[in-house]
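Protein chains in written order, with the working numbering: chain A, 1 to 191; chain X, 192 to 444.
Ideal Cβ placement from N, Cα and C applies to all residues, glycine included.
Have a look at the structure below before the remarks.
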Amino acid sequence: MKAEKALSIEDASDEDLMADIAGGDREAFRVLAERYMNLFYSVAFRMYPQRADAEDVVQEALLRLWSKAHLWKAGTGAAVSTWLYRLTYNLCVDQKRRNKHTVTDLDDDYVDPDAAADQRIQDKQTGAIVGKALQNLPERQRVALVLCHYQGLSNAEAADIMGTSVKGVEGLLVRARKALQAELKQYKGVL
Amino acid sequence: MKITQFKKMVALHGADVTRWDGADIDAVKALIRESEEARALYNEAQALDDALDRFKAGSVDLSVLDDVMVRIGGEPVPRSSFSEELKAARPGMIPDDVPAPEVIAARAAPRPMIWMTAAAFMAALVVSVVFFRGEGDISVQQAVVAEAPQMQEQETVLAQTDMPAEEVDRLMLEMGDMVDDELAAHEMIGLLAMAETEVPQQDVRQQDESVPQSEEDIDAFLDQLFDDAGTDPALQQEMDLWKLFLEGQTREL
């Protein structure tokens, strides 16, 4: 009986899990958290490439998922993932406001551990340069790029999360790419 | 596709044409082939995408979820964060199937029932050695067999008695066999210890219900064994020989 429940809860839809979480179901929370926590981290790390900061965002996002699940309304057409992205985005903005310091040193998470040694060194160098260039972008341009390029969301989804129009996201994306190209061209071998 | 539309798409979405809203991919490829300007813009966009993709995020530490589960009043996630920490600390050194700490602790914990089974097996081995040896005229209780390096010394002591030389030789051969049996028994214990980690304890009990399970059962079993030895004339003769041997050793000391 318990196994049957365990099997079914792992396969449950995001919407069903959200309803269960709103009712205080910790097991449903665990399943949904495991499903999305790397997504939270991926967004947070690319916004603020310090592992500790990014994990703080993930932890806070999970706590809010638990405490605010009842605010998500089923049947309104809003996807759970979009709601969770918005949660993470807001936390990243809050984190930026709390920590006014400029991030200069990056952690090594941008290196692919499966790559060969020389490739890893090259990736590390390129990753550090790209990470720093991303940090130099205005915040909203960076968010638009993270959501669309790294997370693969559509412009409409990104606009929904960021609370702006699709045209607004498109403008942010074009400016972000142009600024990155200009900055990264200074570094030999990056572009 | 017109070059103006191409420029807009490449500036907005980069080189991933699957993201270009409603664009005809064949038309895009044709334009890239034909227009040098389009080709240059596309290559620049591709280089930027490649550079962006080299900035990887990695994975979040799973202990974050454990902490959250504790904070919301739930149990930590039932997986081995221990393994994850080990892998993080020593990348490439820890296999993926490192068991959870509770599993390791359970393996390290003593399993008295398994060892009682092994002890009972040893007792059964003694019985077989005592009662079922080939000729049956000379047999020695394995529990008092000397270690192999001491055999030369035993032979010297036996030679000092009035026992015929052939009898001494035969006795020494018997004792050599006993040592071999004891080594075999030790090997069997080792195999049992290995099997202990593989076979669930319940299964062992189910396979052999006749084996004594409690300490009292084993004591009773061994008492019965030695009582029987007292009534066996062949064993009595053997005991007399050993008594002689021990007396010789005492004299030497």
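So residue i is in the alpha helix (DSSP H); what residue range does that whole segment cover?
i: D217/X; result: I216 to E225
i: Q119/A; result: A117 to N136
i: T195/X; result: I194 to H204
i: R175/A; result: V166 to L184
i: A156/A; result: N155 to M162
i: S254/X; result: S254 to R262
i: Q59/A; result: R51 to K68
i: L145/A; result: E139 to L145
i: R35/A; result: R26 to M47
i: D207/X; result: Unbroken run through D207/X: none, as it is neither H nor E.
i: L17/A; result: D14 to A22
Quick check on the burial criterion: 16 or more other C-beta atoms within 10 angstroms. Buried or exposed for residue i?
i: H149/A; result: buried
i: A356/X; result: exposed
i: H70/A; result: exposed
i: G205/X; result: buried
i: V259/X; result: buried
i: D94/A; result: exposed
i: L145/A; result: buried
i: A300/X; result: Only weak support exists for where A300/X lies, its pLDDT of 45 falling under 50; the value from the coordinates is given anyway. So A300/X counts as exposed.
i: D53/A; result: buried
i: G23/A; result: exposed
i: L437/X; result: exposed
i: R51/A; result: buried
i: D123/A; result: buried
i: K68/A; result: exposed
i: T450/X; result: Given a span of 192 to 444 for chain X in the structure shown, any question on residue 450/X remains unanswerable.
i: W211/X; result: buried
i: W433/X; result: exposed
i: I216/X; result: exposed
i: S250/X; result: exposed
Pull up the CB-CB distance for residue i and residue j, whole angstroms please, since I reckon it's below 8 angstroms.
i: L65/A; j: L84/A; result: 7 angstroms
i: L17/A; j: A242/X; result: With a Cβ gap of about 37 angstroms, L17/A and A242/X do not count as contacting.
i: V255/X; j: V58/A; result: 5 angstroms
i: G127/A; j: R245/X; result: 5 angstroms
i: A74/A; j: A19/A; result: 6 angstroms
i: R177/A; j: A202/X; result: 6 angstroms
i: L180/A; j: L239/X; result: 6 angstroms
i: A156/A; j: V166/A; result: 5 angstroms
Tell me whether residue i counts as near the ligand ZN, meaning its Cβ is closer than 7 angstroms to at least one heavy atom of that ligand.
i: T82/A; result: Although the ligand ZN was asked about, the structure shown includes no ligands whatsoever.
Report task. Kindly confirm or deny that the segment 45–52 of chain A and the segment 135–146 of chain A touch, where touching means at least three C-beta pairs closer than 8 angstroms. Result -> yes
Requested in this report: For the segment 117–128 of chain A and the segment 28–38 of chain A, state whether three or more C-beta atom pairs, one from each stretch, are separated by less than 8 angstroms.
Outcome: Taking 8 angstroms as the limit for Cβ pairs, the verdict is that the segment 28–38 of chain A does not touch the segment 117–128 of chain A.
Query raised in the report: Do the segment 182–189 of chain A and the segment 192–209 of chain X meet, that is, are 3 or more Cβ pairs less than 8 angstroms apart?
Result: no
Report task. Evaluate the contact criterion for the segment 78–93 of chain A versus the segment 159–170 of chain A: three or more CB pairs, one atom per stretch, below 8 angstroms. Result -> yes
Report task. Assess, as a yes-or-no matter, whether the segment 232–242 of chain X is touched by the segment 205–217 of chain X under the definition of 3 or more beta carbon pairs within less than 8 angstroms. Result -> yes
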